[in-house]
Each structure stands twice: as structure tokens, then as C-alpha cells.
Amino acid sequence: MAEAPIQPWDRPAPEREGRPCAWSLLPEDLAELGCPGSALETFKRLHRPWTWKDGAPDLGPAIRRWLEGVADLRLPALVDGQPSSDGATKLVLELADGRRIEAVHMPRPVRNPRVTYCLSSQVGCAMGCTFCATGSMGILRNLQAGEILGQVLTLMAGLGPARGHELTLVFMGMGEPLHNLDHLHRAIRLLCHPAGLGLGKGRITVSTSGLVSGIERLSKLEPRPLLALSLNATTDAARNRTMPVNRVWNLARLRRALDDWGLKRGEKFCFEYVLLAGENDTEADADRLAAWLGDLRRAHNLNLIPMNEHAASPFRQPGEARVQQFAEWLKVRGCFVTVRRSRGRDVQGACGQLVKGS
Ligand code: SF4
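Residue numbers (the working numbering): 9 to 366.
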């Protein structure tokens, strides 16, 4: 079978050509490259920031010299951070080729402290959702697996948490993660590796705009993360207008892909619905939304997200009364609904507002 052509956005950053990113290597890759010490121990020292010294892995001079010769050890650099009044911090990270991406650090002050990172999977996004700031910039390139890992490790080293078991990851930042599934899934394997951060797959959520081919592929991969779906419209005509992906895979096809996912015990979908004033917030929308969810509506969380306004979108946020009314319409139709107040809103770090990576 002929190989698929490499798309312009899938080329590695020029500096990395011919030299793998050290953070994308599994223990078996380190061994194959001729690691002079224990490949598993080297992997541990790379992927566990709580063992680092002075912000870098404590590899010892011989392993460090060898690794610098065969791989690129640069991590994304934290170049800006804007704390929000709600405790979240919007962060700008610079990649090895100078491109910038954004992430959000969201600590949760509960009895057992937890931190959620909202992560980017691409520089920009090709999906063109009309309410989204990232969509307005187009796609510049995919992140490589090592850059996705690097994002996590840089945030951990700079802002915490200290250990992997306090971490939850959501791929809801810049990019459509399933448009970069090979790199994304390799990153998930690295994140879940017991000799690294050892994250449980249930602590990683991948949010898609409805890329059905990606949903179908991801459903068969292990480790399989949780799936979130950004829905945002209840008729094909409306969804075609705001989310062009719907012109390829419409609402009925998308619903079939969820039926075929094969939910395992304890697994739940998360549905996101960005409320756009006058566009998708009527009682008829609530009615169609509940019908589309069907048997998923009682047990799977539906997040209503009042639109985060920004200059690149013509849409506006509905008033609070309409948001509450919409939630009520759904509740009486048997849906399990929460209204999500996006964290980081006052620093443009909320859902659909990330747009600095150029
Ligand atoms: S909402 Fe998600 S998929 Fe759509 S343009 Fe924005 S980043 Fe891309």
C-alpha cells in the first residue's frame, strides 16, 4: 500500500530532522539507540521531574553526553504566564523552532490537591470552528509526541504538582487532538508508562470536534483515554455553519461513532456545548440535544459552556438567565447537566480563547 504523503503541518521542526526528541523515546527506543546504562533507569530519570536537579534530569555525565549526541534534549520553554483571579494560570510555551503554544494550569484546592493541565496538541488548528480563537489562526503544525510530553514536564517542573498522581490532563487547548493522533497517542503511552509519570488512562481526556475517523481509530488503541466531544449545535445546518467538520461527518454519523466506541465499565463520555446567544440556545435546541444524546443523556456529563467572547468571533455569550433556562430545559428532559464556568477567562485562557501560538 502506498504511504500517505507527509502533510506540510506534519513535518518535524527543522532543527529536529534526523534527530529524535529525547522526550518521545520509550525505554526500548533508548536501548535500541545504544544507551550505555540502563535504558529503563534513564527513562525514569527523564520522565520524573521530582527526581530532577536544578530544573533538568539528573542523568550523570556519561549518559547525558551520549543522549545529547543521539537526541534533542530541549524542552519547551515557559515564556509567559498570566495568573487569573480564579487561580488558573494561562501559560505560553516556546518550542524549539520558536513557535508558541498555550496551556492552562488549573489547581484544585480540594482535600487531596489536584492540578489539571489544559494542553495543546497542535500549533493552531485546521478545523475552523467559527466561535474559536485558535480556529481563526489556521494550522501551523502538529506537535510531536516529545513536545506534548515536554509541555507536561515543563509545567510540572515550573509550577507543580510535584508528582504524577496529582495530575489530570485534558487536551482542550490549541488544536484538534485527533488530527494529530499518531503523536498524541505516543504521548499518551509515554505519560502512562509506569516508569515515567505513570498516569492512569482515566486521568487523560481527549476532546474532539467530531473527527469521526480519529474517534474510530482511538477507540481501538491502548491505553485508551477518556473522550470528550465538543457538540455545540443540534441540527446539521447549524453545525455546518459553526463547525465545518460536520460537513464531512454529520450528527447522525457522529452519534454512530459513539455507539461503536464500546464503552467499558466505569468509562464515561463528556459532552461540551458552547452556548452562543441566538444561535444554539433555544428550547428547540435543548429538545434536539436531549434526543441526540438519547440513552447517553442520564449517565454522561453534558457541560454547558457560555461562549467566551473574543474579537475574532461574531458570536456573543447568552445572558445568565438564558444559560440557567437552557440548563433547566435539559434537566427536565433527563440530561445530566453542569454549567462550566471556564477558568482563566479574565486572561483569555478559557475554552476557545487560546491563540498566541504563531
Ligand atoms: S474548537 Fe477545537 S477543533 Fe474547533 S477550531 Fe478551536 S481548537 Fe480547533
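Ideal placement from N, C-alpha and C gives every residue a C-beta, glycine not left out.
Predicted model only: the values in this text are computed from it and were never measured.
query = Got a sec? Which residues, its chain only, sit under 8 Å from Glu36 by beta carbon, not counting five neighbours each side?
reply = Within the same chain, Cβ atoms closer than 8 Å to the Cβ of Glu36 are found at Ala47, the five residues on either side in sequence being excluded.
message = So the candidates are Lys52, Ile212, Ile313; which of them puts its Cα closest to the Cα of Glu230?
response = That would be Ile212, whose Cα lies nearest to the Cα of Glu230.
ask   = Can you pull every residue whose C-beta falls closer than 5 Å to some heavy atom of the ligand SF4, listed in chain order?
value = The set, ordered by position in the chain, is Cys133, Met135, Cys137, Cys140, Thr142, Gly143, Glu184, Ser217.
key: At least 3 beta-carbon pairs within less than 8 Å: the stretch 213-225 vs the stretch 66-77   = In the pairwise beta carbon analysis, the stretch 213-225 is classified as not touching the stretch 66-77: fewer than three pairs are separated by under 8 Å.
ask   = How would you call Thr124, buried or exposed, if buried means at least 16 neighbouring beta carbons within 10 angstroms?
value = Residue environment analysis places Thr124 among the buried positions, since at least 16 neighbouring C-beta atoms fall within 10 angstroms of its C-beta.
ask   = So which of Phe139, Arg56, Met135, Leu86 has the shortest CA-CA distance to Leu283?
value = Checking every option, the nearest Cα to that of Leu283 belongs to Phe139.
inquiry  = Helix, strand or coil for Lys272? Go by DSSP, reduced to three states.
reply    = For Lys272, the three-state secondary structure derived from DSSP is coil.
request  = Would you list the one or two residues that DSSP bridges to Thr216?
outcome  = Under the DSSP definition of a beta bridge, Thr216 partners with Leu237.
ask   = What is the DSSP secondary structure of Glu317, reduced to helix, strand or coil?
value = Note: Glu317 maps to coil in three-state DSSP.
key: Pairwise C-alpha distance: Leu163 and Pro28   = Each residue's Cα considered, the two are about 21 Å apart.
message = Going by DSSP in three states, Leu207 sits in which element: helix, strand or coil?
response = Judged by DSSP in its simplified three-state form, Leu207 adopts coil rather than helix or strand.
ask   = How about the stretch 174-184 and the stretch 126-144: do they share at least three Cβ pairs that are nearer than 8 Å?
value = They touch, by the three-pair rule.
request  = Label Glu291 either buried or exposed according to how many other C-beta atoms from any shown protein chain fall within 10 Å of its C-beta, with 16 as the threshold for buried.
outcome  = The residue is exposed, with fewer than 16 neighbouring Cβ atoms inside 10 Å.
ask   = To which residues does DSSP link Phe139 through a beta bridge?
value = Answer is none; Phe139 lacks a bridge partner.
ask   = Looking only at C-alpha atoms, which of Lys209, Gly218, Ile109 sits nearest to Ser129?
value = Considering only alpha carbons, the answer is Ile109.
task = Tell me whether His187 is buried or exposed, calling it buried when 16 or more other Cβ atoms sit within 10 Å of its Cβ.
result = In the assembly as shown, His187 is a buried residue. Its beta-carbon has 16 or more other beta-carbons within 10 Å.
message = Do Leu338 and Glu285 count as a contact pair if the criterion is CB distance below 8 Å?
response = The sequence given here places Ala at residue 285; Glu does not occur at that position. Taking 8 Å as the cut-off, the beta carbon of Ala285 is found no closer than this to the beta carbon of Leu338.
ask   = Residues in its own chain within less than 7 Å of Phe334 by CB, not counting five upstream and five downstream?
value = Listed in chain order, the non-local C-beta contacts of Phe334 below 7 Å within the same chain comprise Leu283, Asp289, Ala294, Leu312, local neighbours out to five positions each way being set aside.
key: Rounded separation between Ala358 and Gly63 - CA only   = Because the pLDDT of Ala358 is 49, which lies under 50, any placement of that residue in the model is unreliable, and the number read from its coordinates should be weighed accordingly. One C-alpha to the other measures close to 28 Å.
key: Boundaries (first-last residue) of the alpha helix (DSSP H) holding Gly158   = It spans 153-167 - the alpha helix (DSSP H) in which Gly158 sits, taken as one unbroken run.
query = Can you give the beta carbon distance from Glu102 to Pro84, rounded, assuming they're within the 8 Å contact cut?
reply = Contact holds; Cβ gap of about 6 Å.
query = Which of the three DSSP states, helix, strand or coil, is assigned to Arg149?
reply = It is a strand residue.
inquiry  = Using CA atoms only, rank isn't needed, just tell me which of Pro233, Trp257, Gly146, Pro202 is closest to Leu239.
reply    = Leu239 has its Cα closest to that of Trp257, out of Pro233, Trp257, Gly146, Pro202.
inquiry  = Pop quiz: Leu262 and Gly302 are said to be a contact at Cβ under 8 Å. What is the actual Cβ separation, rounded to whole angstroms?
reply    = The beta carbons of Leu262 and Gly302 sit about 13 Å from each other, so the pair does not count as a contact at 8 Å.
request  = Look at the alpha carbon of Leu177 and the alpha carbon of Met114, and state the distance between them as a whole number of angstroms.
outcome  = So the alpha carbons of these two residues sit roughly 10 Å apart.
key: Pick from Ala329, Glu317, Phe279 that is closest to Leu310, judged by C-alpha positions   = Looking from the CA of Leu310, the closest CA among Ala329, Glu317, Phe279 belongs to Phe279.
ask   = Thinking just about the alpha-carbon of each residue, which of Arg341, Val331, Val340 is nearest to the one in Val347?
value = Distances from the CA of Val347 to each of Arg341, Val331, Val340 were compared; the closest alpha carbon is that of Val331.
ask   = What are the residues that DSSP puts in a beta bridge with Asp88?
value = Here Asp88 is bridged, per DSSP, to Val100.
Of the residues Lys61, Thr50, Pro57, the one placed nearest Ile71, counting alpha carbons only = The shortest Cα separation from Ile71 among Lys61, Thr50, Pro57 belongs to Thr50.
task = May I have a chain-ordered list of the alpha helix (DSSP H) segments no shorter than 4 residues that lie completely inside the stretch 26-95?
result = List check, alpha helix (DSSP H) in window: 35-40, 47-55, 69-78.
task = Measure the beta-carbon distance from Arg56 to Leu67 and round it to whole angstroms, keeping in mind my assumption that it falls under 8 Å.
result = For Arg56 against Leu67, the beta-carbon gap comes to about 12 Å, at or over 8 Å, which does not count as contact.
message = In this structure, how does DSSP classify Cys133 when only helix, strand and coil are distinguished?
response = In the three-state reduction of the DSSP assignment, Cys133 falls in the coil class, being assigned neither a helical nor a strand state.
request  = Measure the CB-CB distance between Thr216 and Arg296 and report whether it falls below 8 Å.
outcome  = No, the Cβ-Cβ distance between Thr216 and Arg296 is not below 8 Å.
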